[in-house]
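Below you'll find the structure, written out as C-alpha cells, and then a few comments.
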Amino acid sequence: MKKKFKAMVLSCIDPRFQPLVYNYLKKKKLLGKFSAFTIAGAAIGVTNKKFKKWHSTFFDNLITSIKLHKIEKLIVINHKDCGAAKISSNKKTLSNLDETIIHKTSFKKLQKIIKIRMPKLKTEFNLISLNGKIEKYY
185 MKKKFKAMVL SCIDPRFQPL VYNYLKKKKL LGKFSAFTIA GAAIGVTNKK
235 FKKWHSTFFD NLITSIKLHK IEKLIVINHK DCGAAKISSN KKTLSNLDET
285 IIHKTSFKKL QKIIKIRMPK LKTEFNLISL NGKIEKYY
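Counting from 1 along the sequence shown, just add 184 to a position and that's the residue number in the working numbering.
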C-alpha cells in the first residue's frame, strides 16, 4: 500500500526554527507524512513582491506535491524575528506589531491565492516564537 502524505509544510530556512518546526510536526503525528518546502520568510517569501521571482517556484512545487502525494492541506509556519519580514519592510528593525502585521498580511494573501487556485486544499497558518509558542491564524 502506498504511504499517504497528508500535508505540505511551508516553513522558513532560519536554522533557529528547525527544531521548533520538527517538534510541532511530531506533536501533530505528521513525521514522514508531509512534503516540505522551505524558503526564506515562508509565506512572506511566497507572497511579498520583494521575493517575486520565488512565487512561481513555490506554486509549481505545491501543484506537483498535490499531484504526486495527494496532499490535502498546506501547513504554513512563519516565525517571529524574521529577516524576510525586515527585508520586505525596508527596515532594519521592526516592532512586534509591525512584524505581526507583515505575517498576517502574507497569510491572508496566500490564503486568498489558495482559495482561487486550489479551492479543495485546506490551509493552516501558524506564527511561532523563539520560545516555541505558536499562534494560529485562520
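Where is the CB? At the ideal position from N, CA and C, for every residue including glycine.
- For S219, the enclosing beta strand (DSSP E) has its first and last residue at F218 to T222.
- Taking C-alpha positions only, K210 is separated from H263 by approximately 18 Å.
- Taking all protein chains in view, the Cβ of S290 is crowded by 16 or more other Cβ atoms within 10 Å, so the residue is classified as buried.
- Secondary structure remark: continuous beta strand (DSSP E) runs of at least 3 residues inside the region 208 to 282, in chain order: 218 to 222 and 257 to 263.
- A check of alpha carbon separations from K296 across Y322, L278, L281 and T222 identifies Y322 as the nearest.
- Contact between the region 215 to 226 and the region 193 to 203 is present: three or more C-beta pairs spanning the two stretches fall below 8 Å.
- In this structure, D265 places its C-beta atom within 8 Å of the C-beta atom of L314.
- The alpha carbon of F235 has as its nearest neighbour, out of L246, N274 and K304, the alpha carbon of N274.
- By the neighbour-count criterion, in which a residue is buried when 16 or more other Cβ atoms sit within 10 angstroms of its Cβ, N232 is buried.
- Of all alpha-carbon atoms in I228, V205, Q202 and G216, the one lying nearest the alpha-carbon of A269 is that of I228.
- Around G316, the same chain offers L204 as residues with beta carbons nearer than 6 Å, after the five sequence neighbours per side are excluded.
- The criterion of a C-beta distance shorter than 8 Å is satisfied by I255 and K190.
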